[in-house]
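Chains as they are written, first to last, in this note's numbering: chain L, 3 to 151; chain E, 3 to 151; chain V, 3 to 151; chain P, 3 to 151.
Following: one structure in structure tokens, then a few remarks.
Number of protein chains: 4
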Amino acid sequence: MACEFTLTRRVEFSETDMAGIMHFSNFFRFMEAAEHAFFRSLGFSIHPARAHRSLGWPRVHADCDFKHPLRFEDTVEIRLLVRQKKAKSIVYTFIFRKLNEQPPREVARGTLAVACVKRDKTSGKMTGVPIPRTIAGKIDVAPGELLNS
Amino acid sequence: MACEFTLTRRVEFSETDMAGIMHFSNFFRFMEAAEHAFFRSLGFSIHPARAHRSLGWPRVHADCDFKHPLRFEDTVEIRLLVRQKKAKSIVYTFIFRKLNEQPPREVARGTLAVACVKRDKTSGKMTGVPIPRTIAGKIDVAPGELLNS
Amino acid sequence: MACEFTLTRRVEFSETDMAGIMHFSNFFRFMEAAEHAFFRSLGFSIHPARAHRSLGWPRVHADCDFKHPLRFEDTVEIRLLVRQKKAKSIVYTFIFRKLNEQPPREVARGTLAVACVKRDKTSGKMTGVPIPRTIAGKIDVAPGELLNS
Amino acid sequence: MACEFTLTRRVEFSETDMAGIMHFSNFFRFMEAAEHAFFRSLGFSIHPARAHRSLGWPRVHADCDFKHPLRFEDTVEIRLLVRQKKAKSIVYTFIFRKLNEQPPREVARGTLAVACVKRDKTSGKMTGVPIPRTIAGKIDVAPGELLNS
């Protein structure tokens with residue numbers, strides 16, 4: 003059972019904007035990258051090639067509070083914490099810390115709420131389904147002290 | 003005085019992902035595009051070339067609730083409504099409607115909270131400043147019935 | 003029969019980088035947007051929802067020469083010209099002109115070569131196929147004087 | 003003196019498109035990421051915060067030949083080779099190999115030609131300048147057998 007995961011990235015040039023800082027939409031891409039790496043760490047793929055092929059995880063909610071900007075070549079730690087696990091959905095908290103500063107500083111904090119769905123192969127229509135037990139059995143909710151740290 | 007603005011876009015191929023729908027990070031890019039078009043409609047640029055050169059509008063908060071997916075070539079209306087206007091910040095609500103469906107359907111609803119800052123030219127450091135009167139004088143808060151529609 | 007198409011766009015904030023200019027990768031996204039709008043102008047979709055569902059147009063080559071930068075809120079005309087039409091592929095030339103300058107100035111020129119393929123629904127494997135006659139019959143090669151203008 | 007550099011990446015979900023493969027524009031972002039990592043490996047930043055602040059490296063040409071698609075979670079090696087070094091510009095070749103396939107397979111090959119420029123702080127205008135000796139002295143042209151491999 004896992005309730006957290008940490009991914010580290012360096013901000014790329016193409017992720018900056020003319021204000022000289024990382025464009026805010028990339029914080030959401032980074033959250034998703036951490037979520038997918040968390041799944042890989044459990045032995046799954048968020049979008050498997052074969053088994054569970056019709057399973058999907060659309061986002062139903064996303065938010066982020068931006069406290070300090072990130073700049074080109076900054077090293078950022080994205081810490082994923084499982085905040086809620088329901089039958090058909092998961093809510094993650096993400097804490098962004100800039101590592102190339104002493105001490106490391108929290109620069110942003112965000113949320114992704116994702117639903118587990120089955121996609122109809124012909125119509126593409128998505129219907130909420132229970133998270134498969136093989137997956138749900140490996141994911142645990144993080145203790146409150148981590149979430150409120 | 004203006005309290006709302008409407009932008010229409012068509013979803014592009016490069017904005018889709020392998021799930022066959024528009025990647026969720028683009029909803030945030032679309033909100034920002036509507037905000038910038040709103041500024042242009044008032045005769046300003048969010049990032050002027052000369053006057054107000056050191057003025058910036060970093061995002062302090064962003065969120066979005068996703069109700070229905072958007073797909074390639076869908077036409078989407080992004081309606082911006084001014085929810086709050088404070089001395090140094092503005093909060094916008096955005097309502098996304100898919101137009102190529104009868105009747106048009108709300109597919110997402112989001113928020114951007116932006117701060118007005120002055121950027122130091124040498125250090126790049128940003129400090130909160132009052133919104134210039136020429137700008138604040140043209141922006142009004144939307145009536146509650148629009149915001150809760 | 004059509005041999006050209008013109009699309010106009012305004013450079014968005016999220017398309018700029020910290021050098022203050024449009025990130026070069028967006029010139030390629032703009033070429034593709036013009037190609038897809040060209041298809042729509044002929045009554046087709048590059049990625050149709052139903053008929054021709056398994057048809058795809060992967061890029062086999064792309065290039066671009068960058069002459070002058072584009073900046074935030076610049077208005078750019080992307081002119082598509084059909085340079086070659088073969089049984090299973092099309093080559094397009096794209097001429098980028100900045101319109102908010104007198105006289106308008108060519109800022110970049112690029113190429114996309116795309117193949118017509120059939121995608122196997124199970125494996126995702128792509129095989130080159132002849133361009134359907136309904137499509138090929140509407141596309142013509144541009145005269146040399148346009149291509150060399 | 004260095005004439006090559008290798009970067010490895012995993013294809014992310016947000017880099018795929020509805021055709022189920024990595025969007026072609028990301029090959030160009032990956033080339034640039036390898037170029038910037040090459041600079042870091044030499045002890046430089048392509049966009050330094052202080053010294054050489056007004057120095058920039060705009061792209062004057064980019065091309066890519068796409069041989070096989072990349073998919074979500076594929077591991078790709080981007081090998082940078084210095085093809086040309088002139089007084090005011092550098093040309094790089096990039097060879098993309100998919101590593102999660104036995105044997106690894108070349109999936110794409112591309113080029114970036116970049117100019118060394120000085121940016122005027124007030125106007126933003128760029129003028130070609132000789133590559134600083136501290137930088138040029140560390141970069142070497144790759145032997146022909148590597149470039150033609």
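Heads up, the beta-carbon is just placed ideally off N, CA and C, and yes, glycines get one too.
*Among E:T95, E:I137, E:K120, which residue has its Cα nearest to the Cα of S151 of chain E?*
Locating residue 151 of chain E in the second sequence gives position 149, where the first residue counts as 1. S151 of chain E has its Cα closest to that of E:T95, out of E:T95, E:I137, E:K120.
Own chain partners of K140 of chain V with C-beta closer than 7 angstroms, once the 5 adjacent residues on each side are dropped:
Position 138 of the third sequence holds residue 140 of chain V. If we look at K140 of chain V and ignore the five residues flanking it on each side, its Cβ neighbours are M3, A4, L44.
What does H152 of chain L touch in chain E if you count any residue whose Cβ is under 9 angstroms from its own?
This structure leaves residue 152 of chain L out entirely; chain L is present only between 3 and 151.
| request: Within 10 angstroms of the Cβ of D19 of chain P, are there 16 or more other Cβ atoms? Answer buried if so, exposed if not. | output: Taking the first residue of the fourth sequence as position 1, residue 19 of chain P is located at position 17. Counting Cβ neighbours within 10 Å, D19 of chain P comes out buried, since at least 16 surround it.
(message) I want to verify the contact list: residues of chain P whose CB lies under 7 angstroms from the CB of S16 of chain E, in sequence order.
(response) Residue 16 of chain E sits at position 14 when you count from the first residue of the second sequence. Close partners of S16 of chain E in chain P (Cβ separation under 7 angstroms): D19, H25, S27.
Practice item. Going by CA-CA distance only, name the one from V:M128, V:D122, V:S16, V:V78 that's closest to R111 of chain V. Key: What you label residue 111 of chain V is simply residue 109 of the third sequence in a count that begins at 1. When each option's Cα is compared against that of R111 of chain V, the closest is V:V78.
- Task: Mind checking who K120 of chain V pairs with in its DSSP beta bridge?
- Result: Here residue 120 of chain V refers to the residue found at position 118 when the third sequence is read from its first residue. Paired residues: V:L57, V:T129.
Nearest to R12 of chain L by alpha carbon, out of L:V119, L:V116, L:P105, L:F74? Residue numbering aside, residue 12 of chain L sits at position 10 when the first sequence is read from its first letter. Of all alpha-carbon atoms in L:V119, L:V116, L:P105, L:F74, the one lying nearest the alpha-carbon of R12 of chain L is that of L:F74.
**OP:** Would you mind telling me which residues of chain L sit closer than 8 angstroms to H49 of chain E, beta carbon to beta carbon, in chain order?
**Re:** The sequence position of residue 49 of chain E within the second sequence is 47, counting from 1. Going along chain L in sequence order, the residues near H49 of chain E (Cβ under 8 angstroms) are M20, A21.
- How is the alpha helix (DSSP H) around T136 of chain V delimited, first residue to last? As a working note, residue 136 of chain V is residue 134 in the third sequence. 135-138 is the span of the alpha helix (DSSP H), which, as asked, contains T136 of chain V.
Exercise. Mind listing the chain V neighbours of F46 of chain L? Cutoff is C-beta to C-beta under 9 angstroms, in chain order.
Key: Here the question's residue 46 of chain L lines up with position 44 in the first sequence. Near F46 of chain L there are no residues of chain V at all, since even the closest Cβ is about 20 angstroms away, more than 9 angstroms.
*asked:* Let me see if you follow: with CB-CB separation under 7 angstroms, is A36 of chain V close to chain E or not?
replied: Indexing the third sequence from 1 puts residue 36 of chain V at position 34. Output row for A36 of chain V: interface = no.
**Report entry** Closer than 7 angstroms to chain V by CB, R31 of chain P
**Finding:** Numbered from its first residue, the fourth sequence carries residue 31 of chain P at position 29. It does: the Cβ of R31 of chain P has a partner Cβ on chain V nearer than 7 angstroms.
E74 of chain L: contacting residues in chain V (beta-carbon distance under 7 angstroms): Sequence index remark: in the first sequence, residue 74 of chain L carries index 72 (1-based). According to the sequence as given, residue 74 of chain L is Phe; it is not Glu. What F74 of chain L touches in chain V: M20.
Exposure of S56 of chain L, with buried meaning 16 or more beta-carbon neighbours within 10 Å: Along the first sequence, read from residue 1 onward, the residue named residue 56 of chain L stands at position 54. Exposed, because fewer than 16 other Cβ atoms sit within 10 Å of the Cβ of S56 of chain L.
Please determine, among L:L72, L:K127, L:K87, L:K90, the residue with the shortest C-alpha to C-alpha distance to E103 of chain L.
For the purposes of this step, residue 103 of chain L is identified with residue 101 of the first sequence, where counting begins at 1. Comparing Cα-Cα distances from E103 of chain L to each of L:L72, L:K127, L:K87, L:K90, the minimum goes to L:L72.
With which residues is V93 of chain L paired in a DSSP beta bridge?
Walking along the first sequence from the start, residue 93 of chain L turns up at place 91. For V93 of chain L, which the question treats as bridged, DSSP gives the partners L:Q86, L:A115.
Inter-residue spacing [alpha-carbon to alpha-carbon] between A89 of chain E and A117 of chain E: Here the question's residue 89 of chain E lines up with position 87 in the second sequence. Here the question's residue 117 of chain E lines up with position 115 in the second sequence. Computed Cα separation, rounded: 9 angstroms.
Q: For S125 of chain V, count neighbouring C-beta atoms within 10 Å of its own C-beta (all shown protein chains included) and say buried if the count is 16 or more, exposed if not.
A: Along the third sequence, one-based indexing puts residue 125 of chain V at 123. That one is exposed.
- prompt: Does G130 of chain P get closer than 7 angstroms to chain V when you measure Cβ to Cβ?
  reply: One-based indexing of the fourth sequence puts residue 130 of chain P at position 128. For G130 of chain P, the answer is no, since every Cβ of chain V falls outside 7 angstroms of its Cβ.
_Same chain, Cβ closer than 8 angstroms to A152 of chain P, five either side skipped, listed in chain order_ = No answer is possible for residue 152 of chain P: the residues shown for chain P start at 3 and end at 151.
Self-check item: C-alpha gap between K36 of chain P and P134 of chain E, whole angstroms
Solution: For the purposes of this step, residue 36 of chain P is taken as the residue at position 34 of the fourth sequence. For the purposes of this step, residue 134 of chain E is taken as the residue at position 132 of the second sequence. Contrary to the premise, residue 36 of chain P reads as Ala rather than Lys in this sequence. Approximately 42 angstroms, taken between the alpha carbons.
message: Is G58 of chain L close to chain E? Criterion is C-beta to C-beta, closer than 7 angstroms.
response: Counted from its first residue, the first sequence places residue 58 of chain L at position 56. Closer than 7 angstroms: yes.
Expected contact under 8 angstroms - CB spacing of R81 of chain V and I92 of chain V to nearest Å:
In the third sequence, the residue the question calls residue 81 of chain V occupies position 79. In the third sequence, the residue the question calls residue 92 of chain V occupies position 90. Beta-carbon to beta-carbon, R81 of chain V and I92 of chain V are separated by about 16 angstroms, too far to satisfy the 8 angstroms threshold.
### Task
Provide the residue span of the beta strand (DSSP E) that contains R11 of chain L, from first to last.
Here the question's residue 11 of chain L lines up with position 9 in the first sequence. Segment 6-12, the beta strand (DSSP E) holding R11 of chain L.
message: Rounded to whole angstroms, what is the Cα-Cα separation between F40 of chain P and N28 of chain P?
response: On the fourth sequence, position 38 is the one that residue 40 of chain P refers to. On the fourth sequence, position 26 is the one that residue 28 of chain P refers to. In a straight line, the C-alpha of F40 of chain P is about 18 angstroms away from that of N28 of chain P.
Check your understanding: Measuring CB to CB, does F131 of chain P end up less than 7 angstroms from K123 of chain P?
Key -> Mapped onto the fourth sequence, residue 131 of chain P falls at position 129. Mapped onto the fourth sequence, residue 123 of chain P falls at position 121. A small fix is needed here, since residue 131 of chain P is Val in this sequence, not Phe. No.
- Would you list the one or two residues that DSSP bridges to K100 of chain P? Residue mapping note: residue 100 of chain P aligns to position 98 of the fourth sequence, counting from 1. K100 of chain P pairs with P:V78, P:R107.
Practice task
Please list the partners that G146 of chain E has in chain L, where partner means a Cβ-to-Cβ separation under 8 angstroms.
Solution key: The count along the second sequence starts at 1 and reaches residue 146 of chain E at position 144. For the C-beta of G146 of chain E, not a single chain L residue is nearer than 8 angstroms; the gap to the nearest is close to 23 angstroms.
- Using the C-alpha atoms, what's the distance from V62 of chain V back to F26 of chain P? By one-based count along the fourth sequence, residue 26 of chain P stands at place 24. By one-based count along the third sequence, residue 62 of chain V stands at place 60. One C-alpha to the other measures close to 9 angstroms.
Checklist entry - Is H38 of chain E closer than 7 angstroms to I23 of chain E when the C-beta atoms are compared? => result On the second sequence, residue 23 of chain E is found 21 positions in, with the first residue counted as 1. On the second sequence, residue 38 of chain E is found 36 positions in, with the first residue counted as 1. Note that the C-beta distance between I23 of chain E and H38 of chain E is not below 7 angstroms.
Notebook entry, point to check: In chain L, what lies closer than 7 angstroms to P134 of chain E by C-beta?
Noted result: The residue you call residue 134 of chain E lines up with position 132 of the second sequence. The premise fails here: P134 of chain E is roughly 17 angstroms from chain L at the closest Cβ pair, so nothing lies under 7 angstroms.
**Q.** Complete runs of the beta strand (DSSP E) confined to the region 15-69 of chain V [at least 3 residues]
**A.** Whole beta strand (DSSP E) segments, 3+ residues: 61-68.
Requested in this report: Please work out which residues of its chain come closer than 8 angstroms, Cβ to Cβ, to P50 of chain E, disregarding the five sequence neighbours upstream and downstream, and give them in chain order.
Outcome: Taking the second sequence and counting its residues from 1, the one referred to as residue 50 of chain E is at position 48. Cβ neighbours of P50 of chain E beyond the five flanking positions: L57.
* To do: Alpha carbon to alpha carbon, how far is P145 of chain E from R42 of chain E? Give it in angstroms, no decimals.
  => As a working note, residue 42 of chain E is residue 40 in the second sequence. As a working note, residue 145 of chain E is residue 143 in the second sequence. Rounded to the nearest angstrom, the gap between the Cα atoms of R42 of chain E and P145 of chain E is 22 angstroms.
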